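Undergrad: Residues -13 to 118, numbered by the working numbering, are exactly what the sequence shown covers, in order.
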Amino acid sequence: MKIIKKEVDYAIRALIFIYEKGGKSSITEICRNMNAPNPFLRKILQILSKNGILKSTKGIGGGFEFNKPFGEITLADITYLFTEKIKKGSCPFKTPICSNSHKCKLKFKISEIEDKIYEQLSSVKISDLWRP
């Protein structure tokens, strides 16, 4: 199970960079600092913006800035923007309903494990990952 995808890593690094730059930065600045491809990072930042973590301003002096306080953003907030959460009672293998679905122990156990992972991710603030 891959929980922390590349997009999550880049999102966290971008948020920390924006914080270090005083809370606002341009896409060009962020890409240059992270040595990341502009279209890839732009898509990530747009997802963060669409979901209320950041807000974007176009034009001269524009860029991305925090819409939610840096100290309130959790690892769960970011992770679940880029990782699909298993729906309760659904098959973790994403297969059509099988004849065993009503008594499958695995799907319920996976759901319990995911709840515990989410609880742990929710307890970690992105600001906890920042080191001056």
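Glycine included, C-beta positions come from ideal geometry on N, C-alpha and C. Everything numeric in this text was worked out from a predicted model, so none of it was measured.
In chain order, what residues of the same chain have a beta carbon less than 7 Å from the beta carbon of residue 107, not counting five sequence neighbours either side?
TA: If we look at residue 107 and ignore the five residues flanking it on each side, its Cβ neighbours are 60, 61, 62, 65.
Undergrad: Please determine if the segment 7 to 15 and the segment 48 to 60 are in contact, where contact requires at least 3 C-beta pairs separated by less than 8 Å.
TA: Flag = yes, the segment 7 to 15 and the segment 48 to 60 touch.
Undergrad: Would you list the residues sitting across from residue 52 in a DSSP beta bridge?
TA: Paired residue(s): 40.
Undergrad: Given a cut-off of 7 Å on the beta-carbon distance, is the pair residue 39 and residue -4 in contact?
TA: In this structure, residue -4 does not lie closer than 7 Å to residue 39 by Cβ.
Undergrad: Output the boundary residues of the alpha helix (DSSP H) element that contains residue 17.
TA: Run containing residue 17: 13 to 20, per the alpha helix (DSSP H) assignment.
Undergrad: Which same chain residues, not among the five before or five after residue 68, have their C-beta less than 6 Å away from its C-beta?
TA: Closer than 6 Å at the Cβ level, and outside the excluded window around residue 68, lie -9, -7, -6.
Undergrad: If we count the other Cβ atoms within 10 Å of its Cβ and call it buried at 16 or more, is residue 99 buried or exposed?
TA: By the neighbour-count rule (16 or more Cβ atoms within 10 Å), residue 99 is not buried but exposed.
Undergrad: Short check: CB of residue 2 to CB of residue 116, under 7 Å?
TA: For residue 2 and residue 116, yes; Cβs fall inside 7 Å.
Undergrad: For residue 54 and residue 28, I'd like the C-alpha separation in whole angstroms.
TA: C-alpha separation (whole angstroms): 19 Å.
Undergrad: Within 10 Å of its beta-carbon, does residue 92 have 16 or more other beta-carbons around it, so buried, or fewer, so exposed?
TA: Exposed: under 16 other Cβ atoms inside 10 Å.
Undergrad: Can you give me the C-alpha to C-alpha distance between residue 25 and residue 94, rounded to a whole angstrom?
TA: Rounded to the nearest angstrom, the two C-alpha atoms are 38 Å apart.
Undergrad: How would you label residue 46, buried or exposed, when you count the other beta carbons within 10 angstroms and need 16 or more for buried?
TA: So residue 46 counts as exposed.
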